[in-house]
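Asks: Sharing a structure with you now.
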Amino acid sequence: MASSLNKPELLRQDGKRLDGRDFDELRPLKITANVIKNANGSAYTEWGNNKVLAAVYGPKEVVPKHLSDPSKAVIKCRYAMAPFSSLSDHGRSGPNRRATEISKVTREVFENVVLTKEFPDTAIEISIEILQSDGGTRAAGITTAAVALANAGIPMKDLVYAVSAGKIKDNIVLDLNMIEDNYSDADMPVAIAPRNNNILLLQMDGGLTKAQINSSLDKVINAGKIISKIQRQALLDVYKID
Amino acid sequence: MTEILIPGDLIEDKELLKNNRFYISENNKHYCTLVSLYNNRLIPLEGYWYPNIDETVVGIIKEVRNNVFEVDLSHFLRAIIINDFRNKLHFNVGDVIEAKVKAIENKKTIILIYPRLLRDGMLIQTKPVKIPRIIGKNNTMINQISSFTKTSIIVGFNGLIYIKGANSSMAISTILRVEKEAHTKGLTENIKQILQKELELTEK
Numbered sequence: 184m185a186s187s188l189n190k191p192e193l194l195r196q197d198g199k200r201l202d203g204r205d206f207d208e209l210r211p212l213k214i215t216a217n218v219i220k221n222a223n224g225s226a227y228t229e230w231g232n233n234k235v236l237a238a239v240y241g242p243k244e245v246v247p248k249h250l251s252d253p254s255k256a257v258i259k260c261r262y263a264m265a266p267f268s269s270l271s272d273h274g275r276s277g278p279n280r281r282a283t284e285i286s287k288v289t290r291e292v293f294e295n296v297v298l299t300k301e302f303p304d305t306a307i308e309i310s311i312e313i314l315q316s317d318g319g320t321r322a323a324g325i326t327t328a329a330v331a332l333a334n335a336g337i338p339m340k341d342l343v344y345a346v347s348a349g350k351i352k353d354n355i356v357l358d359l360n361m362i363e364d365n366y367s368d369a370d371m372p373v374a375i376a377p378r379n380n381n382i383l384l385l386q387m388d389g390g391l392t393k394a395q396i397n398s399s400l401d402k403v404i405n406a407g408k409i410i411s412k413i414q415r416q417a418l419l420d421v422y423k424i425d
Numbered sequence: 004m005t006e007i008l009i010p011g012d013l014i015e016d017k018e019l020l021k022n023n024r025f026y027i028s029e030n031n032k033h034y035c036t037l038v039s040l041y042n043n044r045l046i047p048l049e050g051y052w053y054p055n056i057d058e059t060v061v062g063i064i065k066e067v068r069n070n071v072f073e074v075d076l077s078h079f080l081r082a083i084i085i086n087d088f089r090n091k092l093h094f095n096v097g098d099v100i101e102a103k104v105k106a107i108e109n110k111k112t113i114i115l116i117y118p119r120l121l122r123d124g125m126l127i128q129t130k131p132v133k134i135p136r137i138i139g140k141n142n143t144m145i146n147q148i149s150s151f152t153k154t155s156i157i158v159g160f161n162g163l164i165y166i167k168g169a170n171s172s173m174a175i176s177t178i179l180r181v182e183k184e185a186h187t188k189g190l191t192e193n194i195k196q197i198l199q200k201e202l203e204l205t206e207k
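Line by line, the protein sequences are chains A and B.
So for the first sequence, this note's numbering puts the first residue at 184; every next one is plus one.
So for the second sequence, this note's numbering puts the first residue at 4; every next one is plus one.
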């Protein structure tokens, strides 16, 4: 990571971002559902240069048994970056601090939307594998896992999406890529349940004022309409008959 | 109008909610919780089997104990057959059986009765939510497949289907086709035509 004194420019002379996007423009997003035959539900996402695979297994027996809850299902989440997913080292010696943290926050997102009381004494396993990373992988992971859960037939209150907002030179930007993530003034991944815009995840690196946070959330919710539409289309495409 | 709903979609027609558990209610509004087909009725396209009393299931014996047989129904609930001293049952691990649901104990254990051993034949697995379509209204679909292919078919509501007969490969491919196209219109008629064509080809 660079020190704050050694920041590269993140905006071009024409006022656009390095990859030519506007401040509130998302990277190209493509989601395909039902890609893994053996899983109960699965989805594959290409979001800019991010490539994410999510699979859902269960409800199934809880192992170890003492973790089971007689009143509801336990959600287990595993976020992992493939060793070849980025330039830095990942996944060579099991889960690291970062993967453990992201697994935890992702699990908490889905504990709020999945109707776990339908499946007492069972476990629902969500595996998120980052095949290629370019910033915003936790958001991409949550967006993909939501489609995989719906594809698995796990009852949910809502189809969650996630996207990150940030700040570059006092401008609020959406969907930060790796360079922006590393050198921007702030980075704030947000997960939202779109039906009533409940915030299920909000983390932040750097600093934002109250007004900037409100503005970021407005932009996230606007962009979320596009993401939700793509998630819906991915699920509808499963039932297309040639 | 046929439409596919996804989790979180508003269900406007309250008539659809009768005999349906695939929704949640908030502030007097109802929302879908599964990917479902909206077509005068709300039919889930993905999901799990929720056992009801008297439903037929097909399973595999996975454990034999003194007075209990544990049955694998490809389901997250445990299923057992109690071996009463009056009806001495003899099953081995790996036997395929047909049985009926007698009760669901504490939402955790399915008690099965009237087990019957299914010999030879083939076992396929389908999505439990597609079973009502595979059976069809008044058993039309399954009777049609069974009579055209001259096979005996036992459909378990848990998603396992047992097929026995000379033409079982045709029956399997037809059932898998019904599973895949369960949400399309005029499926019974389509399947009838496909079966007729295939039979003509095999007779030639």
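Just so it is clear, CB atoms sit at the ideal spot from N, CA and C, and this is done for glycine as well.
Here the structure is a predicted model, which means the values were calculated and not measured.
Whose C-beta lies closer than 6 Å to the C-beta of alanine 216(A) among residues of the same chain, with five residues either side of it excluded?
Replies: Residue mapping note: residue 216(A) aligns to position 33 of the first sequence, counting from 1. Same-chain partners within the cutoff: Ala226, Val330, Asn334, Ala417, Leu418 and Val421.
Asks: Rounded to whole angstroms, what is the Cα-Cα separation between arginine 81(B) and threonine 112(B)?
Replies: Residue 81(B) sits at position 78 when you count from the first residue of the second sequence. Residue 112(B) sits at position 109 when you count from the first residue of the second sequence. Approximately 5 Å between the Cα atoms of the pair.
Asks: Cα separation between aspartate 197(A) and aspartate 12(B)?
Replies: The residue you call residue 197(A) lines up with position 14 of the first sequence. The residue you call residue 12(B) lines up with position 9 of the second sequence. Roughly 41 Å between the two C-alpha positions.
Asks: I need the DSSP call for valine 421(A), collapsed to helix, strand or coil.
Replies: For this step, residue 421(A) is matched to residue 238 along the first sequence. Three-state DSSP puts valine 421(A) in coil, outside helix and strand.
Asks: Checking contacts by CB at 7 Å: is isoleucine 27(B) closer than that to chain A?
Replies: The sequence position of residue 27(B) within the second sequence is 24, counting from 1. It does; some Cβ of chain A falls within 7 Å.
Asks: Examine chain B for any beta-carbon lying closer than 7 Å to the beta-carbon of tyrosine 227(A), and answer yes or no.
Replies: Along the first sequence, one-based indexing puts residue 227(A) at 44. No, its Cβ sits nowhere closer than 7 Å to a Cβ of chain B.
Asks: Just tell me which of Thr143(B), Gly162(B), Glu108(B) and Glu6(B) has its CA closest to the CA of isoleucine 194(B).
Replies: On the second sequence, position 191 is the one that residue 194(B) refers to. Ranking the options by Cα distance to isoleucine 194(B), first place goes to Thr143(B).
Asks: Can the beta-carbon of arginine 195(A) be found less than 7 Å from the beta-carbon of isoleucine 9(B)?
Replies: Looking up residue 195(A) in the first sequence gives position 12. Looking up residue 9(B) in the second sequence gives position 6. For arginine 195(A) and isoleucine 9(B), no; Cβs fall outside 7 Å.
Asks: Using a Cβ-Cβ cutoff of 7 Å, what residues of the segment 333–353 of chain A are near chain B? List them in chain order.
Replies: Result list: Ala333, Asn334, Ala335, Gly336, Pro338, Met339, Lys340, Asp341 and Leu342.
Asks: Determine the closest residue to phenylalanine 293(A) out of Ile307(A), Arg281(A) and Lys393(A), with distance taken between C-alpha atoms.
Replies: Against the first sequence, residue 293(A) aligns to sequence position 110. If we check each option's Cα against that of phenylalanine 293(A), Ile307(A) comes out closest.
Asks: In the DSSP assignment, the beta strand (DSSP E) including asparagine 146(B) goes from what residue to what residue?
Replies: Numbered from 1 along the second sequence, position 143 holds the residue referred to as residue 146(B). Unbroken run through asparagine 146(B) is the alpha helix (DSSP H), 143–152; no beta strand (DSSP E).
Asks: Quick one: complete beta strand (DSSP E) runs, 3+ long, within the segment 219–253 of chain A?
Replies: Runs found: 224–230 and 233–244.
Asks: Thinking C-alpha only, which one of Gly62(B), Val67(B) and Ile84(B) is nearest aspartate 1(B)?
Replies: Residue 1(B) is absent from the structure shown; chain B starts at 4 and stops at 207.
Asks: Does isoleucine 175(B) get closer than 7 Å to chain A when you measure Cβ to Cβ?
Replies: What you label residue 175(B) is simply residue 172 of the second sequence in a count that begins at 1. No, no contact with chain A.
Asks: Does lysine 393(A) have its Cβ less than 7 Å from a Cβ in chain B?
Replies: Within the first sequence, the letter at position 210 stands for residue 393(A). Judged by the 7 Å Cβ criterion, lysine 393(A) is not in contact with chain B.
Asks: At which residues does the alpha helix (DSSP H) containing tyrosine 53(B) begin and terminate?
Replies: Counted from its first residue, the second sequence places residue 53(B) at position 50. Tyrosine 53(B) -> no alpha helix (DSSP H), and no H or E assigned at all.
Asks: Excluding five sequence neighbours on each side, which residues of the same chain lie with their C-beta closer than 7 Å to the C-beta of serine 28(B)?
Replies: Within the second sequence, the letter at position 25 stands for residue 28(B). Around serine 28(B): no qualifying Cβ.
Asks: Let me make sure I understand the geometry here. Which of Leu384(A), Tyr366(A), Gln315(A) and Lys393(A) has the alpha-carbon closest to that of lysine 287(A)?
Replies: As a first step, residue 287(A) is located in the first sequence; it is residue number 104 there, counting from the start. Of Leu384(A), Tyr366(A), Gln315(A) and Lys393(A), the residue nearest in Cα terms is Leu384(A).
Asks: Hey, aspartate 304(A) and serine 251(A): beta-carbon distance below 7 Å or not?
Replies: Indexing the first sequence from 1 puts residue 304(A) at position 121. Indexing the first sequence from 1 puts residue 251(A) at position 68. Cβ distance < 7 Å, so aspartate 304(A) and serine 251(A) count as in contact.
Asks: At the level of alpha carbons, what is the spacing between aspartate 317(A) and lysine 412(A)?
Replies: Reading the first sequence from its first residue, position 134 is the one you call residue 317(A). Reading the first sequence from its first residue, position 229 is the one you call residue 412(A). Cα to Cα, aspartate 317(A) sits roughly 23 Å from lysine 412(A).
Asks: Considering only residues of the segment 255–332 of chain A, which uninterrupted alpha helix (DSSP H) runs meet the minimum length of 4 residues and lie entirely inside it, listed in chain order?
Replies: List check, alpha helix (DSSP H) in window: 280–294.
Asks: When you compare only the Cα positions, how much space is there between alanine 265(A) and glycine 336(A)?
Replies: Sequence index remark: in the first sequence, residue 265(A) carries index 82 (1-based). Sequence index remark: in the first sequence, residue 336(A) carries index 153 (1-based). So the two alpha carbons sit approximately 27 Å from each other.
Asks: Establish whether the CB of threonine 36(B) and some CB of chain A are separated by less than 7 Å.
Replies: Stepping through the second sequence from its first residue, residue 36(B) is reached at position 33. Yes, because at least one Cβ of chain A sits closer than 7 Å to the Cβ of threonine 36(B).
Asks: Should arginine 378(A) go down as buried or exposed, given a rule of 16 or more other Cβ atoms within 10 Å for buried?
Replies: For the purposes of this step, residue 378(A) is taken as residue 195 along the first sequence, with counting starting at 1. The residue in question, arginine 378(A), is buried, as its Cβ has 16 or more Cβ neighbours within 10 Å.
Asks: Would you give the residue range spanned by the alpha helix (DSSP H) that glutamine 199(B) belongs to?
Replies: As a first step, residue 199(B) must be located in the second sequence, where it is residue number 196. Residues 190–206.
Asks: Which residues does DSSP list as the beta-bridge partners of lysine 32(B)?
Replies: Position 29 of the second sequence, counted from the start, is the residue given in the question as residue 32(B). Paired residue(s): Glu29(B).
Asks: Shortest alpha-carbon distance to serine 176(B) belongs to which of Leu19(B), Thr5(B) and Ser149(B)?
Replies: As a position in the second sequence, residue 176(B) is number 173, starting the count at 1. The option with the nearest alpha carbon to serine 176(B) is Ser149(B).
Asks: Thinking leucine 357(A) and leucine 209(A) are a contact (beta carbons under 8 Å), I'd like their distance in whole angstroms, please.
Replies: Numbered from its first residue, the first sequence carries residue 357(A) at position 174. Numbered from its first residue, the first sequence carries residue 209(A) at position 26. Going by Cβ atoms, the distance from leucine 357(A) to leucine 209(A) rounds to 6 Å, so yes, they are a contact pair.
Asks: State the beta-bridge partners of aspartate 370(A) as determined by DSSP.
Replies: As a first step, residue 370(A) is located in the first sequence; it is residue number 187 there, counting from the start. Answer is Gly349(A) and Asp388(A).
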